[in-house]
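Numbering-wise (our numbering), the sequence shown opens with residue 714 and increments by one.
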Amino acid sequence: DSSSAGQEDDRERRGISERASLDKRALRRSFLDNLLYVQGKFPRLATKNDYYLALAHTVRDRLMQRWISTAAAYTTQCSRTVCYLSAEFLMGPHLGNNLINLGIYDVAAEVVGELGLDLEDLLYQEEEPGLGNGGLGRLAACFIDSLATLEVPALGYGIRYEYGIFHQTLSDGWQVEKTDKWLRFGNPWELARPEWAVEIKFGGHTEQYTDEHQRLRVRWVAARIVNGVPYDTPILGYHVNTANTLRLWKAEAPESFDFGQFNRGDYAGAVTQKIVSENLSKVLYPNDEQEAGKELRLQQQFFFVSCSLQDMLRILQIQRIPVEKFHEKFAVQLNDTHPSIGVAELMRLLVDEQLLAWDTAWDITCKSFGYTNHTLMPEALERWSLPLFQRVLPRHLEIIYEINARFLDQVRIRFFGDEARIARLSLIEEQGPRYVRMANLACVGSHAINGVADLHTELLKQDVLKDFYELCPEKFSNKTNGVTPRRWIVLANPRLTSLITETLGDGWIRDLDLLRGLESHIDDAAFVQRWQAVKRANKADLATHIERRLQISIDPDSLFDVQVKRIHEYKRQHLAALHIVALYCRIKANPNIEMVPRTFIFGGKAAPGYHMAKLMIKLITAIGDVVNFDPDVRGRLKVAFLPNFSVTNGQRIYPAADLSEQISTAGKEASGTGNMKFQMNGALTIGTMDGANIEIMEEVGKENFFQFGLLTPEVYAWQARGYRPQECYERSPALREVIDLIGSGYFARGDSSVFKPLIDVLLRYDPYFLLADFDSYVACQDEVSAVYKDKHRWARMAILNSARSGKFSSDRTIRQYCSEIWNVDKVPVRLLSQEDVEA
Ligand code: GPQ
């Protein structure tokens, strides 16, 4: 047929001459071979997981040629390379994505199908590497995908956590955390590279000495050394030969380290030391946008950053590039402040170990780093108490003092006598207990600083980083986030992918702006009908999944109203909960009231120590327990909290949504990226003018977006005036009824104490303006229901949302980073033949 012919042309054009390996018979042969030689099984004994692993190895074998060809191209051409430093990479399962990017998804489905297996079933066997909390970690994963697809040389550097984000279960409606043993059955996607291990120092003290040129130098005498071992995962681009590398570091106790000397024959003590060392990469901190301030967290940050910078120096050496050209070879991006200790560590490596002059080293450092800020929430700005910092990184504290002294000298000349400004810009917070301010370090040590949506960048300039903006406005720019359409449309929504490709051809997968072509089909009744059928089928699939998981029946024709993201007060899942209760109250007052049936779907994890967020989960599940079974409701309202929201679960949920809830308090959500995944998959958004919602509305047009709520300047004005939520409560009868019903204990079997902390905060402080936005939100939701009754109008709006989502491809975002921050070009990769490789 025409689409597979299109794919064939594509392959020809790209010169991928691996016909044999793409051949179905060869695929079947190596699948069965891997089952035998890797898993040691034959079909009658094989488990589903054996089959998954056999297929994973079959795919991995096909990645290797590309991976090696890519490494060869980059090495011989000494290509300029992006190094994306991130404490989190929330990759999601690899198998499906690799099948898509290799262009062998359909043939793999046939091969396993002929063996009596179901490909989707095998895909669900993969335990996803949950090495991130939420948006920030998932953004890193989308970026790595786009970099490979755009054929840009890039390395992702991070931590190989043994335990990723916890697994969430619900017990009596409360969140319960279980550990995430994702490596339990092995990981076929990674390759350990112990030959490239590096040593990382911690603690101890510093000493001065004079070198052979009579220059005064500093040596760091560490108290302990830990080995960092790289584990590499290939990241294949879409229908290209480029396979970049995700390099994650595992901490190990060094064999060479002489425990005996330290412990005087204390063997048990030495083993304890080993455990302490390996704790470094043991577990991901599950706090999203919350400062934990834990010593182990600083150690983790330094660990992966020092490993990565040392690895870059090794690469320079292999390519015989002088260390003075570090910044010409590498563009190093800091994904928030988590890796910002890199500024001080690169200075240490260049000055103390490579023996460069301070000024030379500082010039290289500033030209190498770029810093992306991801939040305006004050509690998420990282600071480390001075005693803790001194204990872990004594040499880095000295270096930070030196950077600060030189920096503030310049500030004093520019802003003569402005001591308050100097105190705000200082890398050290001096009022009260002293802290190292990591955002300030990142700003001073980077040549580029960016926010992640237009509004966010403006607020950074006006507010959070105002002093740095006034000092160096030229460093600042915006890079609105994006998401990869390969995972979030092609893999997650095969029905929509077929419809779009049959309508437009498959060019949209690498150039999402081509989706605009859908607009001309909006009056084509057959197309609109097919569009509706796709959504309806996706909803039916999700309904089945929910029914199985939660034992509640779901009507696929009801409006699927979805909010999935980390649970946080600023994201206001409890505002959505208030709306559900308002609808419930209408039904109780008038059981025959006409109402558009809705299914409210929630998902998201709460940080284990964030009690209010956990109470928000309990509120939602408690409302569900009443509403789902009250006969008066007659199925018009259903509330489902899907446990353990993850990349895997997201892939089922986004394609089935009608309505995307993006209801954060204006000025609080830096960008949001879930909003983009919903839009691409044809959901309409109800949202505040926050983060990237504003840009989504700009793209789709006001008439295709449900906007409500205070604007950021209005929030600021209410704050300045002194906001009294009690007044909103008194003014709005609907709000009063909702708050009183929850406060009465109606959703807690009469126990009014359960939700008291939540209700008290709302009535007394309401720091996120739920009560101020309540009436506006409910009115907007009524408008949503009115529009939904007109199924045809809804479908047209949904099509326009997808058609106008091109801006939010991470390919666009990455092109902007490449040209405006990293100054890096693509390096197409020629596939080496077997003989080339072996020669
Ligand atoms: N974000 Cl600082 C996180 O997911 N975790 C964090 O620790 C910080 C930010 C998010 C942010 O809340 C979203 O608005 C962004 O879309 C996302 O980062 C990616 O930039």
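For every residue, glycine included, the Cβ atom is placed at its ideal position computed from N, Cα and C.
Asked	Found
Can the beta-carbon of valine 1105 be found closer than 8 Å to that of glutamate 1058?	no
In terms of alpha-carbon separation, which member of Cys1441, Ala1430, Thr1398 and Asn846 lies closest to phenylalanine 1421?	Thr1398
Does DSSP classify asparagine 940 as helix, strand or coil?	strand
Is threonine 1088 near ligand 1, in the sense that its beta carbon is under 7 Å from a heavy atom of that ligand?	yes
Can you give me the start and stop residues for the alpha helix (DSSP H) that glycine 826 sits inside?	818-827
Sort Pro1052, Lys1038, Leu1101 and Ile1376 by Cα distance to threonine 1073 and report the nearest one.	Lys1038
Under a three-way DSSP split, which group does phenylalanine 879 fall into?	coil
Can you determine whether any heavy atom of ligand 1 sits closer than 7 Å to the C-beta of threonine 1214, and answer yes or no?	no
Straight-line CA distance for histidine 1087 to leucine 830?	43 Å
Measuring straight from C-alpha to C-alpha, what distance separates tryptophan 1431 and alanine 769?	55 Å
For threonine 1085 versus leucine 1047, is the C-beta distance shorter than 8 Å?	yes
With a threshold of 8 Å between beta-carbons, can serine 1373 be considered close to chain C, or not?	Absent here is chain C; the protein component of the structure consists of one chain.
Under 7 Å Cβ to Cβ from aspartate 893, same chain only, skipping five residues before and after it: list those, please.	Gly843, Tyr876, Gly877, Ile878, Phe879 and His880
Out of Glu1427, Ala1161, Ser1515 and Arg1033, which has the shortest C-alpha to C-alpha gap to threonine 788?	Arg1033
Considering only their Cβ atoms, is the gap separating serine 859 from threonine 1561 smaller than 8 Å?	Given a span of 714 to 1552 for the chain in the structure shown, any question on residue 1561 remains unanswerable.
Exposed or buried, what is valine 1537 when buried is set at 16 or more other beta-carbons lying within 10 Å of its beta-carbon?	buried
Sort Thr1526, Val1203 and Ser1546 by Cα distance to leucine 852 and report the nearest one.	Thr1526
Could you name the residues of the same chain whose beta carbon sits closer than 7 Å to that of isoleucine 1202, not counting the 5 residues immediately before and after it, in chain order?	Leu1209, Thr1210, Met1393 and Asn1394
Just verifying my parser: in three-state terms, what is the DSSP assignment at histidine 1051?	coil
Helix or strand or just coil, what does DSSP make of threonine 958?	strand
Just to confirm, are cysteine 1020 and serine 1523 a CB contact at a threshold of 8 Å?	no
Tell me where the alpha helix (DSSP H) around threonine 1361 begins and ends.	1360-1366
Helix, strand or coil: how does DSSP classify valine 865 here?	coil
Please confirm if the stretch 1345-1360 is in contact with the stretch 1237-1249, defined as three or more CB-CB distances below 8 Å between the two stretches.	no
What three-state label does DSSP hand arginine 897 in the structure shown?	coil
Compare the C-alpha of glutamate 1427 against each of Trp1075, Gly1380 and Asp1180 and name the closest.	Gly1380
Tell me whether alanine 905 is buried or exposed, calling it buried when 16 or more other Cβ atoms sit within 10 Å of its Cβ.	exposed
On the premise that alanine 1353 lies in contact with isoleucine 701, defined as a C-beta separation below 8 Å, what is that separation, rounded to the nearest angstrom?	For residue 701 there is no data in the structure shown, the boundaries of the chain being 714 and 1552.
Please report the distance separating the alpha-carbon of tyrosine 1429 from that of proline 1321.	30 Å
Note the first and the last residue of the continuous beta strand (DSSP E) segment covering tyrosine 1148.	1148-1150
Does the Cβ of proline 1052 have 16 or more other Cβ atoms within 10 Å, making it buried, or fewer, making it exposed?	buried
Between the alpha carbons of methionine 1308 and arginine 1010, how many angstroms are there, rounded?	50 Å
I'd like the list of long-range same chain contacts for aspartate 1453, defined as Cβ closer than 7 Å, with 5 residues on each side in sequence excluded.	none
Report the three-state DSSP secondary structure of asparagine 1313 (helix, strand or coil).	The sequence shown places phenylalanine at residue 1313, rather than the asparagine named in the question. Of the three classes helix, strand and coil, the one that applies to phenylalanine 1313 here is strand, per DSSP.
Taking 7 Å as the cut-off, is the C-beta of glycine 847 nearer than that to any heavy atom in ligand 1?	yes
Cα separation between tyrosine 1148 and histidine 1505?	58 Å
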